[in-house]
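Participant: First, the structure itself, so that you have it in front of you.
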Amino acid sequence: MALKISMLSKLETTKNFKLVAGAGGLEKTIDCTEILDFEFDDEGQNYRKKRAFDGNSLVLTSFIYAKGRPELVVDSIKKLIQCDVHALAYKPVVFKTLPKEALEIADALDFPIFVFESDVYMENIILEINSANLKDHSESIKSLILESVIKGSREETPIINQIMNQRYCYASALCIGVEDTKSIEEKLKFSIVGQYIKRHVFIGLYDKRLIIVIAQEEDNREIFINTIYEIASFYNLSLEMISEAHKGWSRIDSDVESVTDLIREAYWAEIIAKIEDEKVKYYENVGIYKLIAHHSGDKKILDFAYNYLKPILEEDGKENELLQTGIAYVFAGGDANLAAKKLFCHKNTIRYRINKIQEKLDPVATEADFFTNLTTAIKIYLLNRYS
């Protein structure tokens, strides 16, 4: 994923770019930055490449070659568009304002044109845009790595494992559910973080989840939690967002080879927090989920859950009443009174529905076996639905 033109306002060297035309093209992307010097000047024909520009780029110029010849500006913009250049930024050295025809063409063809101050060096713009694209590439790689890890890969992950060393020998992972992934992506991409964070934190996005792996010197959960506040400060992440989101913490471990396991544990703990509507869930406290979470996508596991629940999954009626009752009953620990409070109905209504569910699903099972089977099937079903 390349840098969007609209994101130039986030970079230090381009934040003061003033848009003068082509506002309709701000969602185009920039793979690189190029300089227009003499490419479209007749005097430069002996130095011209077969293709003047690579395209998908931002072109920088001062239009010195067009001094006294404003028609060259119009011609240059037409040729830049033909070369698939996505935007132009110029220093107002020769032209304070561009010819009206040039601006009209840019507006008509959604070709953004910016003007920038003379005290900004083109070399610095090129370096920062290249750096931003490299960082964006790095974030994309992180997402692919996280996807691979969560799906069960146990291959070496040097990008993650590099945070573990002799000094930072304890690690834990946190998974935070996020809604506004675009905002988080921008913050990860444009934040400037110090070596302290780079050395002992891995952070990346995967499927509406922000996953953070922290390495530190002590086996102390409180220090891990406090480190999240430091990370939030560096990346300008909202503490309110973190507080309100569903979160999952992994175990704390000192084995570098277990880091991928910690990521999976945090991922499943966040899903379980969402299922049980709790703000935070610690993997060590998830009970039977430890047994089924990592296998919840297996065909045999899913077949058991969906075949067992099929009679109530296919139920007609208001908001799948029996399924919702079964879920509430399971998370009430088999307590009909508590389930009734959760569903705002009478306990006898819950007892009637539970008897009806058992008749449909497990008529020959004992009450204890029925509750065990129902609990297992419901939890597999919900893990699969939320993952």
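Throughout the sequence shown, residue numbering follows the working numbering, covering 2 to 388 in sequence.
For every residue, glycine included, the Cβ atom is placed at its ideal position computed from N, Cα and C.
(1) Would L135 pass as a contact of A22 if the rule is Cβ separation under 7 Å?
(2) Could you tell me which residues DSSP puts in a beta bridge with Y91?
(3) Using 8 Å as the threshold, is the stretch 215-231 in touch with the stretch 161-178, meaning 3 or more CB pairs across them?
(4) Starting from K311 and walking both ways along the alpha helix (DSSP H), at which residues does that stretch end?
(5) Determine whether the beta carbon atoms of I253 and L211 lie at a separation below 7 Å.
(6) Report buried or exposed for G69, applying the criterion of at least 16 other Cβ atoms within 10 angstroms of its Cβ.
(7) Assuming G1 contacts E271 (C-beta within less than 8 Å), just tell me the rounded distance between them.
(8) Put T34 into one of helix, strand or coil per three-state DSSP.
(9) From A246 to N286, what distance separates their C-alpha atoms?
(10) For F235, which residues from the same chain have a beta carbon less than 8 Å from its beta carbon, with the 5 sequence-adjacent residues on both sides left out?
(11) Cutting at 7 Å between CB atoms, please list the residues of its own chain near N374, excluding the five before and the five after it.
(12) So the candidates are I82, A337, D262 and Y207; which of them puts its Cα closest to the Cα of G26?
(13) For H347, is the classification buried or exposed, using 16 other Cβ atoms within 10 angstroms of its Cβ as the cut-off for buried?
(14) Could you give the residue range of the alpha helix (DSSP H) that holds A369?
(15) E140 to E72, Cα distance in whole Å?
(16) Rounded to whole angstroms, what is the Cα-Cα separation between I328 and I161?
(17) Y169 by DSSP, collapsed to three states: which one?
(18) Here's the rule I'm using: 16 or more other beta-carbon atoms within 10 Å means buried, otherwise exposed. How should F64 be labelled?
(19) Nearest to L128 by CA position, among T15, L89 and I204, is which residue?
(20) Classify Y48 as buried or exposed, calling it buried when 16 or more other Cβ atoms lie within 10 Å of its own Cβ.
(21) Assuming A90 and F117 are in contact, meaning their beta carbons sit under 8 Å apart, how far apart are those beta carbons, in whole angstroms?
(22) May I ask you to list the residues that DSSP assigns as paired with F54?
(23) From the DSSP output, in three-state form, read off V21 for me.
(24) Between which two residues does the beta strand (DSSP E) containing F203 stretch?
(25) So V179 and K143 are supposed to be a Cβ contact under 8 Å. How far apart are they, rounded?
(26) Could you round the C-beta distance between T62 and I78 to whole angstroms and report it? I think they count as a contact, below 8 Å.
(27) Could you give the distance in angstroms between the alpha-carbon of I106 and the alpha-carbon of V86?
(28) Rounded to the nearest angstrom, what separates Y171 and M165 at their Cα positions?
(29) Pick out whichever of A133, E13 and R265 has its Cα sitting closest to the Cα of D120.
(30) Beta-carbon separation of A333 and Y382 under 7 Å?
(31) What number of angstroms, rounded off, separates the C-alpha of K92 from the C-alpha of P100?
(32) From the DSSP output, in three-state form, read off I232 for me.
(33) Going by beta-carbon coordinates alone, are L59 and A24 separated by less than 7 Å?
(34) Name the DSSP beta bridge partners of D254, please?
(35) Return yes when the Cβ of Y230 is within less than 7 Å of the Cβ of E148, no when it is not.
Facilitator: The short version:
(1) no
(2) T62 and V116
(3) yes
(4) K300 to L314
(5) no
(6) exposed
(7) Here the chain has residues from 2 to 388 only, and residue 1 is not among them.
(8) strand
(9) 19 Å
(10) S192, V194, G195 and I198
(11) Y309, D363 and A366
(12) I82
(13) exposed
(14) E368 to Y387
(15) 43 Å
(16) 37 Å
(17) coil
(18) buried
(19) T15
(20) A caution first: Y48 carries a pLDDT of 41, below 50, which makes its placement in the model too unreliable to give a value.
(21) 5 Å
(22) DSSP lists no partner for F54.
(23) strand
(24) V202 to L206
(25) Not really, about 15 Å apart at Cβ, beyond 8 Å.
(26) Their Cβ separation, rounded to whole angstroms, is 10 Å, which puts T62 and I78 out of contact at 8 Å.
(27) 14 Å
(28) 8 Å
(29) E13
(30) no
(31) 14 Å
(32) helix
(33) no
(34) A172
(35) no
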